[in-house]
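Residue numbers (the numbering used here), protein chains in the order written: chain Z, 525 to 818; chain H, 129 to 353.
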């Protein structure tokens with residue numbers, strides 16, 4: 525069991541409340557996944573050409589000042605609890621290479637013009653509080669509460685898995701042929717950083733989007749290639765998508781309101797959203813792909 | 129009328145209070161907000177209204193009460209029901225009426241996947257459509273679907289009977305459409321009277337039952353592989 529939540533704002537009026545609403549949704553799904561939790565927030569506002577990198581420190585008291593100096597004057601580091609978000613210009617490949625050289629003990633959970641990812645082992649309530657998620661704004665967000673069945677309980681095995689610029693995935697379920705697909709991706713030059721099954725799906729989608737597919741087409745390939753149980757919530761910079769496997773035995777509820785699209789494993793997580801009374805609430809069917817764009 | 133608010137009480141406190149009510153009591157459960165496990169395991173003859181959308185296992189294991197949900201429900205409404213009724217005014221999510229031994233589960237809207245899975249003698253009536261794999265391995269009892277049935281209807285059925293008013297997307301393994309008998313028409317008519325679903329025409333439903341070809345192991349079946 526795991527819990528998934530997501531909120532995609534259609535109205536800018538909701539942007540300032542994104543973190544608070546998403547936190548409330550995630551807390552409602554705590555029982556579905558008490559071992560780890562994670563959040564992806566999407567926020568506009570960076571100047572063109574700048575990207576943000578969600579950095580994970582190896583422990584408390586990391587020397588962010590020294591790291592900032594080593595990375596050069598165009599890199600701005602904003603500490604968030606023990607971790608940080610780096611804002612830098614230049615190609616992501618160059619920045620990631622520089623990070624690997626200058627700060628090899630840091631891990632990059634996500635990068636892109638809008639995305640920030642915070643995740644860890646422990647109770648969802650602690651993780652939300654540590655990173656101050658309730659105060660955050662943004663235009664869309666995803667969250668995951670994990671009850672691990674397939675691989676170890678570590679921060680790196682936690683969701684969301686962000687595998688390309690502004691692209692991330694959360695998963696409830698388990699894939700049974702992930703090892704086969706991981707080997708195929710490796711043959712194509714794609715490396716996974718963990719042995720987690722969900723990461724393989726996130727890399728698979730990123731790979732196909734980098735080779736010409738849009739999100740809808742890449743999710744169609746997930747339905748063809750992946751065996752197992754899954755409800756997936758996937759976001760890119762401008763899109764928000766839900767897909768379920770042919771059995772549809774991992775739950776999903778979608779609420780579509782004039783101001784937002786929200787998705788959660790259970791209705792409990794949606795029940796207190798403002799305007800939920802006016803929302804069309806439905807369950808996505810087996811092998812249906814639902815995509816919303818902004 | 130007794131009122132129990134989910135905003136003030138834990139699920140356990142609500143179910144304990146319900147179990148202690150004398151037969152004939154009427155009770156309203158307010159602000160359910162998708163709460164799971166409301167009104168489960170009750171053995172008294174009471175009437176319960178749940179005022180809003182509720183979560184999983186509503187009315188499960190019931191042996192007596194009459195429950196109405198003024199909203200939609202999550203998975204497994206009336207799961208393992210023994211007697212009594214659970215009526216959902218909206219839609220029901222997956223596995224409605226799963227494993228129920230007796231009693232009646234009524235869904236005024238649509239039911240999702242696996243409605244009536246492993247039915248063991250209970251009755252499930254859905255006014256609208258039912259999702260894929262409904263009636264899977266149902267052993268005894270009756271399912272009436274007023275609208276359309278999804279793929280794989282009645283897969284691996286035992287002795288339960290399914291009636292469908294609309295279209296059947298596909299039948300599951302060992303399920304077949306059989307000729308409607310006068311007894312079937314009477315049974316459907318009785319269910320329409322009980323539920324008020326008079327959009328269903330008892331003369332024009334399809335009867336789906338087991339072909340019983342999976343009842344016995346066939347040694348030659350292995351030759352196909």
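Note that CB positions come from ideal geometry on N, CA and C, so glycine has one too.
In this text, all values refer to a predicted model and were calculated from it rather than measured experimentally.
#### Entry: Partner residues on chain H for residue 544 of chain Z, Cβ-Cβ distance less than 8 Å
Per Cβ cutoff of 8 Å: no residues; residue 544 of chain Z is ~17 Å from chain H at best.
#### Entry: For residue 728 of chain Z, three-class secondary structure by DSSP
helix
### Near-chain Z residues of the segment 220-244 of chain H - C-beta to any C-beta below 7 Å
221, 240 and 241
### Query
Between residue 618 of chain Z and residue 596 of chain Z, what straight-line distance do the alpha-carbon atoms span, to the nearest angstrom?
13 Å
### Query
If you draw a straight line from the C-alpha of residue 549 of chain Z to the C-alpha of residue 794 of chain Z, how long is it?
6 Å
### Query
Are any of the Cβ atoms in chain Z nearer than 7 Å to that of residue 275 of chain H?
no
### Query
Taking the alpha-carbon positions, what's the residue 150 of chain H to residue 137 of chain H distance?
20 Å
### Query
Considering only residues of the same chain and omitting the five flanking positions on each side of residue 204 of chain H, which have a CB-CB separation below 6 Å?
184, 185, 223 and 226
#### Entry: Within-7 Å CB hit, residue 807 of chain Z to chain H
yes
### Query
Can you tell me the Cα-Cα spacing of residue 557 of chain Z and residue 679 of chain Z, whole angstroms?
14 Å
### Query
From Z:638, Z:669 and Z:772, pick the residue whose C-alpha is nearest to that of residue 650 of chain Z; which is it?
Z:669
### Query
Is it right to say residue 160 of chain H is buried, meaning 16 or more other beta carbons lie within 10 angstroms of its own, or is it exposed?
buried
### Message
Please report whether the beta-carbon of residue 331 of chain H lies at a distance below 7 Å from any beta-carbon of chain Z.
### Response
no
### Message
Against chain H, which members of the segment 758-791 of chain Z pass a CB distance test of less than 9 Å?
### Response
770, 771, 772, 773, 775, 777, 790 and 791
#### Entry: Residue closest to residue 268 of chain H, alpha-carbon to alpha-carbon, out of H:238, H:188 and H:251
H:251
### Message
Relative to the C-alpha of residue 773 of chain Z, which candidate in H:231, H:133, H:169 and H:242 has its C-alpha closest?
### Response
H:242
### Message
At the 7 Å Cβ level, is residue 162 of chain H part of the contact set with chain Z, yes or no?
### Response
yes
### Message
Could you pull the DSSP bridge partners for residue 251 of chain H from this structure?
### Response
H:232 and H:270
#### Entry: In chain order, each alpha helix (DSSP H) run of at least 4 residues that lies wholly inside the segment 717-797 of chain Z
721-734 and 739-749
### Query
Taking a cut of 9 Å between CB atoms, which residues from the segment 164-183 of chain H lie near chain Z?
164, 180, 181, 182 and 183
### Message
With H, G and I counted as helix, E and B as strand and the rest as coil, what does DSSP make of residue 540 of chain Z?
### Response
helix
### Query
For residue 528 of chain Z, does the three-state DSSP call read helix, strand or coil?
strand
### Query
Going along the segment 614-626 of chain Z in order, which residues come within less than 8 Å of chain H, judged by CB to CB distance?
none
### Query
Does DSSP classify residue 155 of chain H as helix, strand or coil?
strand
### Query
Using CA coordinates, which residue listed in H:176, H:291, H:248 and H:276 is at the minimum distance from residue 297 of chain H?
H:276
### Task
Could you tell me whether the Cβ of residue 795 of chain Z comes closer than 7 Å to any Cβ of chain H?
yes
### Beta-carbon contacts of residue 546 of chain Z that lie in its chain and below 6 Å, excluding the five residues immediately before and after
531, 665 and 667
### Message
Would you call the segment 163-174 of chain H in contact with the segment 728-748 of chain Z, where contact means no fewer than 3 C-beta pairs closer than 8 Å?
### Response
no
### Task
Pair every Cβ in the segment 619-629 of chain Z with every Cβ in the segment 584-599 of chain Z, then say whether three or more of these pairs are closer than 8 Å.
yes
### Beta-carbon neighbours of residue 202 of chain H, restricted to chain Z and to distances below 7 Å
790 and 791
### Task
Under 9 Å between beta-carbons, which chain Z residues line up against residue 260 of chain H? List them in chain order, please.
770, 771, 772, 809 and 810
### Query
So what does DSSP say about residue 330 of chain H, is it helix, strand or coil?
helix
### Message
Under DSSP, the beta strand (DSSP E) around residue 651 of chain Z begins and ends at which residues?
### Response
Residue 651 of chain Z -> not in any beta strand (DSSP E); alpha helix (DSSP H) instead, spanning 648-654.
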